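Each residue of the sequence shown is one higher than the last, beginning at 1 in the numbering used here.
In this text, a Cβ means the ideal position worked out from N, Cα and C, and glycines have one as well.
Here the structure is a predicted model, which means the values were calculated and not measured.
A short write-up of the structure that comes next.
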Amino acid sequence: ITDDKKLHFGTNKDWSIEYDEDGDDDLKMAGTSLTVTTDTATFTSANSEDPLVIIKNTTNDANGARLHFIKDKASAVGADGDDIGVIEFISDDSGNNQTSFAKIVGEVSESFDSDEAGKLSFFVGESNGTTTELTAGLILEGEHATDGEVDVTIAAGANSTTTVAGVLTVTSNINAGDDLLFTSSGAVINFN
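Here it is, written out as structure tokens:
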């Protein structure tokens, strides 16, 4: 059913696609749900700082919009190490090669039913001067069978530097693999 440059779908006309002639050539879709089955969806723009993807909630309550990454193996069961979702940041290098410079990976740390735990890793590109690879610089991992415990790994490799700006508060022990060095740079470390 069409009327006034709007295409309606459904028995109650509850789905519509509208061509907006306000000079912006906008295409508007309205409905209660949209399901797209495809391998790749690409948004392309030649404008600076575009494309822009907005997920907006306009309800007057305390809850916000949501973005779900769902891994559903159908009849197969989940397993430790399953990747749930990946966000990857890719750009040109100086040789005009499309290169992955960073990524965020959410995965299953422990899949046991009723004792699940998750893992979130932040990777950045690092190089030995010849080969670049993505390495996890921040890993958050929930512990199973241990209530309230989330382990955090910061940096990668003995030569990495971790800088804390401001006050570092430690509420338990510090286990130092090498000597613990304090400098007179004005930094304050509180041991509670």
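By a beta-carbon distance limit of 8 Å, E116 does not contact E107. Their separation comes to about 12 Å. Between the region 97-104 and the region 81-89, the count of Cβ pairs shorter than 8 Å is three or higher; the stretches touch. When C-alpha distances from F43 are compared across I54, S33, L34, the shortest belongs to I54.
Taking all protein chains shown into account, S160 has fewer than 16 neighbouring C-beta atoms within 10 Å of its C-beta and is therefore exposed. The distance from the Cβ of L140 to that of V150 is about 6 Å, consistent with a contact at the 8 Å cut-off.
Contact annotation, A156 with A136: C-beta distance approximately 6 Å; criterion of less than 8 Å satisfied. Residue environment analysis places L67 among the exposed positions, since fewer than 16 neighbouring C-beta atoms fall within 10 angstroms of its C-beta.
Take S91, set aside five residues on each side of it, and the residues of its chain with a beta-carbon closer than 7 Å to its own are T99, F101, in chain order. Here K103 carries a strand assignment [DSSP, helix/strand/coil]. Judged by DSSP secondary structure, S33 falls outside any beta strand (DSSP E); it is assigned neither H nor E.
By the C-beta density criterion, L134 is buried, having at least 16 other C-beta atoms within 10 angstroms. Remark: C-beta atoms of I154 and T162 approach each other more closely than 9 Å.
Between H144 and F122 the beta-carbon gap is near 21 Å, outside 8 Å, which marks them as no contact. Sequence-distant partners of L120 (beyond 5 residues in either direction) whose C-beta falls short of 6 Å from its own C-beta, in its chain, are G106, L140. As the crow flies, the alpha-carbon of N173 is around 15 Å from that of V152.
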